[in-house]
Amino acid sequence: MKKFQRFRGFTLIELLVVIAIIAVLIALLLPAVQQAREAARRSTCKNNLKQYGLALHNYHETYNTLPPGANYSGQWNNYCVGWQVRILPFADQSPLYNLMDFSAGGSVGAAGVDLLLPNGKYLRQMDTPYSKCPTDASPSPDGNWAQASYGGSLGSQRTDSANGACQPYFTPGTHFANPGGSAGHGNTTEKRYIAGIFGRVLSEKITFADITDGTSNTIMVGEILPACSDHGGGWWHFNGMANAHSSTSVPINTMTTCNAPYSRPNPPFPTCTAQSNWNLSWGFRSGHVGGAHFLLGDGSVRFISENLDYNTYQNLGTRNDGKVIGEF
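In terms of this note's numbering, the sequence shown opens at residue -9 and continues consecutively.
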């Protein structure tokens, strides 16, 4: 007669202990996994900005100038072409660039408002491999326009409140480019009115020689969150002016534009509101914790803390104020 061996199972206490151990291990591993993922996202974001840097330097080497903030032409039905369009051939995007006809008028010209591609998208809805940061949840295209996570620096530029509801950060005459009240929002064709490297309608071109404070001490491009501004981050063009620009006048990662009549919540970033308020909506900000990535004029990329001294930040935004830059 065969004897059957009885196998002893886990007791309830033993099972609970095993579950508790697994839970502890998961709790220990999860932050490490999250940190690894964020490190990978930061690395991608940094490499995106390096791509911008290479393209801008190659553009300058070819044309002895940086691209204008925007090229405006009445023949494009009041639309313009932004600086990010101009660098496409220098960022391995010649096929996309070659789809544009800069000599054509109307909405099928270089502005591409109504230029329909074989894939069913409009030219204005096309993204590039380097134009979006992995932490930026802003949709692209956002309706009609492709959005970018990176904007050209207006520098320490005066950006008034559109509705008078917000107290400006800046003290006119201290840091901010505002000679004679001109270029309040970076809207000028003359570079003498622009503190930074790009202007929204700046057709007069800026060269590296104009960056007299030193290219390693001047912000050229930084992270933006299109969802945090009604002005968005459309990198292609805009109605009368280019759009993917920002100012150092607002501290890094300022996620609110104050409670004003035009405010509305943004689901991707619940801590910020987008509104038609020029004073606060045009700040550099990111989805990263503690700061944002910036491309400097020399092509290097730095992660700059949101706690950086405000005066130092303004000096980094200005290309020619002659002030000594502190640690950053």
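C-beta atoms are modelled at their ideal positions from N, C-alpha and C, and glycine is treated no differently.
Only a predicted model underlies this, so the values are computations on that prediction, with no experimental measurement involved.
- Annotated as distal: residue 43 and residue 307, with beta-carbon spacing of 9 Å or more.
- By the neighbour-count definition (other C-beta atoms within 10 Å, threshold 16), residue 60 is a buried residue.
- The Cβ neighbour count for residue 16, taken over all protein chains shown within 10 Å, is under 16; the residue is labelled exposed.
- Contact between residue 56 and residue 46 holds, with the beta-carbon distance rounding to 6 Å and staying under 8 Å.
- Just measuring C-alpha positions, the residue of 58, 87, 316, 86 sitting nearest residue 194 is 58.
- DSSP places residue 29 in the uninterrupted alpha helix (DSSP H) bounded by 2 to 53.
- The C-beta distance from residue 81 to residue 225 rounds to 12 Å, too long to fall under 8 Å, and the pair is not in contact.
- With a 10 Å radius around the Cβ and a threshold of 16 neighbouring Cβ atoms, residue 49 comes out buried.
- The beta-carbon distance between residue 242 and residue 296, rounded to whole angstroms, is 4 Å. This is short enough to meet the 8 Å contact definition.
- Bounds of the alpha helix (DSSP H) holding residue 307 are 300 to 307.
- Secondary structure of residue 211 (DSSP, three-state): strand.
- Assignment of residue 284 by DSSP, reduced to helix, strand and coil, places it in the strand class.
- CA-CA distance, residue 190 to residue 181, rounds to 11 Å.
- Under the DSSP definition of a beta bridge, residue 294 partners with 282.
- One thing to note: residue 89 has its Cβ within 9 Å of the Cβ of residue 113.
- Rounded to whole angstroms, the gap between the alpha carbons of residue 123 and residue 35 is 5 Å.
- Distance from the CA of residue 293 to the CA of residue 24, rounded to the nearest whole angstrom, comes to 19 Å.
- Within the model, the alpha-carbon separation for residue 312 versus residue 14 is close to 55 Å.
- A straight line joining the alpha-carbon of residue 245 with that of residue 188 spans about 23 Å.
- Exclusion of the five residues before and after residue 282 leaves 212, 213, 242, 243, 274, 275, 276, 293, 294, 296 as the residues of its chain whose Cβ lies within less than 8 Å of its Cβ.
- Assignment of residue 271 by DSSP, reduced to helix, strand and coil, places it in the helix class.
- DSSP places residue 84 within a helical segment (H, G or I) once states are collapsed to three.
- For residue 71, the enclosing beta strand (DSSP E) covers residues 70 to 72.
- In the DSSP annotation of this structure, residue 183 is not part of any beta strand (DSSP E), being labelled neither H nor E.
- The shortest C-alpha to C-alpha distance from residue 184 to any of 140, 205, 237 is the one to 237.
- Between the alpha carbons of residue 127 and residue 27 lies a distance of about 15 Å.
- Shown here, residue 199 sits in a helix according to DSSP, grouped into three states.
- In the three-state reduction of the DSSP assignment, residue 60 falls in the strand class, which pools E and B.
- Approximately 19 Å separates the beta-carbon atoms of residue 142 and residue 217; this is outside 8 Å, ruling out the contact.
- According to the DSSP assignment, residue 219 belongs to no beta strand (DSSP E), since it is labelled neither H nor E.
- Going by beta carbons, residue 298 and residue 209 fall outside the 9 Å limit.
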